[in-house]
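Beneath this line is the structure, given in structure tokens, with notes to follow.
Protein chains: 2
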Amino acid sequence: MSKIFVDACFGKETPYTPVWMMRQAGRYLPEYMKVRAEAGNFLNLCHDPKKACEVTLQPVDIVGVDAAILFSDILVIPDEMGMDLEFIKGEGPKFNDPIKDESELERLIGGDEAASKLTYVYETIKLIKEQLAEDKALIGFTGAPWTLATYMIEGQGTKTYNICKKMMYSNPELLHKILAKVTEVVKLYMEKQIEAGIDVVQIFDSWAAAIEPSKYDEFSWKYMVEIADYLKAKYPHIPIIMFPKGIPSFLDSVYGNFDVFGVDWSTPMTLAKEKLGDRYVLQGNMEPCRLYSKEATTTSVEEIQNIMGTSRHIFNLGHGILPDVPVENAKHFVSECQRVSRKS
Amino acid sequence: MSKIFVDACFGKETPYTPVWMMRQAGRYLPEYMKVRAEAGNFLNLCHDPKKACEVTLQPVDIVGVDAAILFSDILVIPDEMGMDLEFIKGEGPKFNDPIKDESELERLIGGDEAASKLTYVYETIKLIKEQLAEDKALIGFTGAPWTLATYMIEGQGTKTYNICKKMMYSNPELLHKILAKVTEVVKLYMEKQIEAGIDVVQIFDSWAAAIEPSKYDEFSWKYMVEIADYLKAKYPHIPIIMFPKGIPSFLDSVYGNFDVFGVDWSTPMTLAKEKLGDRYVLQGNMEPCRLYSKEATTTSVEEIQNIMGTSRHIFNLGHGILPDVPVENAKHFVSECQRVSRKS
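Below, the structure is given as structure tokens:
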């Protein structure tokens, strides 16, 4: 059975434009909060295939999206490379042992040994595939090496990225060694996700905008392209979505062997279409805060539809849904996307 | 005596391209830290004309910049409108009574009454002008109404701006009333700064990038233009610098009656020159983290110089200098800017 979402990723004709939402398995859903409470904490939920499967499937059933996205966190990768990860309530993720020098990097587990430790992720994927409707796609994902490295170096979220950037300008060799080691694990991790059954890959570069434009290729994009090339050589039938958040000023230079470009809300869809629409299917990009108002949601969905037409597009938010959005507004978004784009 | 900085703002020929740094009177300077410690806290320092004057002048003497910028904070405006401002150590500014509805807005002091309460700022300006070398310019400043409003509505710094944006999409009328009231105070505040002696106005829209591109004009830019129009009608000899941070995707639409456009580091200088260089003198835009390395600083200064040539440009960082930058690297930046651009 063909999946409309996968077809859309490859630019094939579909009966309507499919839609999913970043963070669709998240805190705005009471059903998610219930399972999370049972798990005790966020990391436990990532480690528990049965519960992670359950929250992955919830938005498909409740909100009506066309694809499920694996419930997990990008930081399970450095966690299994041997770093000491904690999620502190109200503060977010924290590594108690950020990488400061080469010897600390060398102590980390790399390559297949690290990727093989993420068994709970592959287990989760298998469980999801048993239960997900055949016409729905399952998206697997990873953080881009740069985004992962920022946490590994800073130890936590940061406003200024000053520790990473001091390394970028004063000791770029060490930063490249960190990025290369992470890239190696990510390649194998995504390969194992594909082998476990995901239908689509998304690479999130959430902190793309932290790098000045002239340095983006060197410190992030080239590693993302290396991962895409590796996967495409082995699995050309698996679409790859690249999502570097917040880089509207140099869309001319983000080329590579992938299928879909994720457009964040700071990038006008007209600009993305002009620069990238011929090469890639575009995904996005409603400003997530519009979900606070059904009227503002409909206006935006119609505007995006007018720009993109009925092909080479996947509807999504331009960033993650926020926890205080009413569920009925999320449903409204999904049904409006399907309504305005339906061909007959 | 003509001031090279003011001449440069108007696009006149100057012997070299002048330079200043955002946050140049700040924590990276031990001399600043000493005065701040004497003041007790940050807000006391803003309220003390003698001390504020002293830290304003420090970077001119120590680092060699071509313009001083008034030491103050954008949040003194809502503070004097009657909001309860606190600076909490390690957390940043906080209003204990964020605006939730129209009655709370109406209770705030507006117009000339609020602007007249900022006497310590005008006093500081007069003191600075007595002591600043005649060939150096003094920049006065304000936050843009949108940036001020985000703090007044959220109560503090925010990652998501979800409270403001809920208002933007669900109750835009209230948001416009807040913005209009703040705009009225800012106009008169900047007029009084000019009457007290500043040579140049800069309007900081630090949170410009929090608004989706299609809404930026409506909720921020038009209020900034209203302020610029008001000041230009009365004081055409005072240059105005607009600094909306992080809007590279719609530089085509930020026109108005001002002189200099401040380019942040996420916007390539080539793009800014292409879109705005004919209309405005451009200021910027070295990535501030390059200050961690003298070599990375020189490379960037030379690149910017190659793009901008020796006219219609003011050197600056693309955002504020960070507290852990060595003073000697800041001096190196300033002297490199002056070196590479000197005409004879």
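One line per chain: the protein sequences are R and S, in this order.
For the first sequence, the numbering used here gives the first residue as 1, with consecutive numbering after it.
For the second sequence, the numbering used here gives the first residue as 1001, with consecutive numbering after it.
Heads up, the beta-carbon is just placed ideally off N, CA and C, and yes, glycines get one too.
Proximity of alanine 1330 of chain S and valine 1060 of chain S at Cβ, strictly below 9 angstroms: no
Spatial neighbours of tyrosine 1230 of chain S in its chain, beta-carbon cut-off 7 angstroms, leaving aside the 5 residues before and after: Lys1187
Beta-carbon neighbours of phenylalanine 1250 of chain S, restricted to chain R and to distances below 9 angstroms: Pro248, Pro268, Leu271
Listed by chain order, chain S residues near threonine 160 of chain R by CB distance under 7 angstroms: Leu1322
Neighbouring residues, chain S, relative to tryptophan 265 of chain R (Cβ below 9 angstroms): Glu1212, Pro1213
Straight-line Cα distance separating glutamine 1202 of chain S from histidine 1237 of chain S: Cα to Cα, histidine 1237 of chain S sits roughly 14 angstroms from glutamine 1202 of chain S.
Closer than 8 angstroms at the beta carbon, the chain R residues around serine 1170 of chain S: Simply Tyr292, Ser293, Ala296.
Burial state of glutamine 1131 of chain S, where buried means 16 or more other Cβ atoms lie within 10 Å: exposed
Residue from R:Val6, R:Glu212, R:Lys50 whose Cα sits closest to the Cα of tyrosine 122 of chain R: R:Lys50
Buried or exposed (CB count within 10 angstroms, at least 16 for buried), lysine 126 of chain R: It is exposed - the Cβ of lysine 126 of chain R has fewer than 16 other Cβ atoms within 10 Å.
Chain S within 9 angstroms of alanine 209 of chain R, Cβ atoms only: So yes, alanine 209 of chain R belongs to the interface.
N-terminal and C-terminal residue of the beta strand (DSSP E) that phenylalanine 87 of chain R is part of: 85-88
Test: glycine 318 of chain R CB closer than 9 angstroms to a CB of chain S: yes
Under the three-state DSSP convention, the category methionine 1081 of chain S falls into: coil
Phenylalanine 1219 of chain S (DSSP reduced to helix, strand or coil): helix
Proximity test, leucine 1322 of chain S beta-carbon vs the ligand HEM heavy atom, cut-off 8 angstroms: Ligands in the displayed structure: none, and consequently the ligand HEM is not present.
Nearest candidate by alpha-carbon position, reference threonine 393 of chain R, set R:Gly155, R:Ile153, R:Val182: In the structure displayed, chain R extends from 1 to 344; residue 393 of chain R sits before or after that span and is not available.
Contact set between glutamate 287 of chain R and chain S, taken where Cβ atoms lie within less than 7 angstroms: Glu1212
Nearest candidate by alpha-carbon position, reference proline 1326 of chain S, set S:Met1242, S:Glu1113, S:Ala1144, S:Leu1291: S:Leu1291
Host beta strand (DSSP E) of lysine 94 of chain R (start-end): 92-95
Residue environment, glycine 1111 of chain S, which counts as buried when at least 16 other CB atoms sit within 10 Å: Exposed: under 16 other Cβ atoms inside 10 Å.
Phenylalanine 1261 of chain S: first and last residue of the uninterrupted alpha helix (DSSP H) it sits in: Counting along the chain, phenylalanine 1261 of chain S falls outside any alpha helix (DSSP H), though it belongs to the beta strand (DSSP E) covering 1260-1262.
Test item: CB-CB of methionine 22 of chain R and histidine 319 of chain R under 9 angstroms: yes
Inter-residue CB distance, tyrosine 1223 of chain S and tryptophan 1146 of chain S (contact presumed, cutoff 8 angstroms): Right, the Cβ-Cβ distance comes to about 7 angstroms (below 8 angstroms), so this counts as a contact.
Residues, ordered as in the chain, of the stretch 1040-1060 of chain S that lie near chain R by beta-carbon distance below 8 angstroms: Cβ contacts with chain R: none found.
Within-9 angstroms CB hit, glutamate 1303 of chain S to chain C: Considering every chain present, this structure includes no chain C. Its protein chains are R and S.
Supposed close pair leucine 138 of chain R, leucine 70 of chain R - CB separation, criterion 8 angstroms: Their Cβ separation, rounded to whole angstroms, is 7 angstroms, which keeps leucine 138 of chain R and leucine 70 of chain R in contact under 8 angstroms.
Beta-carbon gap between glutamine 283 of chain R and glycine 309 of chain R smaller than 9 angstroms: no
Residue nearest to valine 281 of chain R in terms of C-alpha spacing, selected from R:Thr267, R:Val301, R:Lys294, R:Pro239: R:Pro239
The stretch 1242-1256 of chain S touching the stretch 1203-1217 of chain S, judged by at least three CB pairs closer than 8 angstroms: yes
C-alpha distance - alanine 1115 of chain S paired with valine 1076 of chain S, whole-angstrom precision: 10 angstroms
Whether proline 323 of chain R touches glycine 26 of chain R by CB criterion (9 angstroms): Taking 9 angstroms as the Cβ cut-off, proline 323 of chain R and glycine 26 of chain R qualify as a contacting pair.
CB of leucine 174 of chain R within 9 angstroms of CB of aspartate 278 of chain R, strictly: The Cβ atoms of leucine 174 of chain R and aspartate 278 of chain R lie no closer than 9 angstroms to each other.
Beta-bridge pairing of alanine 68 of chain R - partner residues as DSSP gives them: R:Leu138
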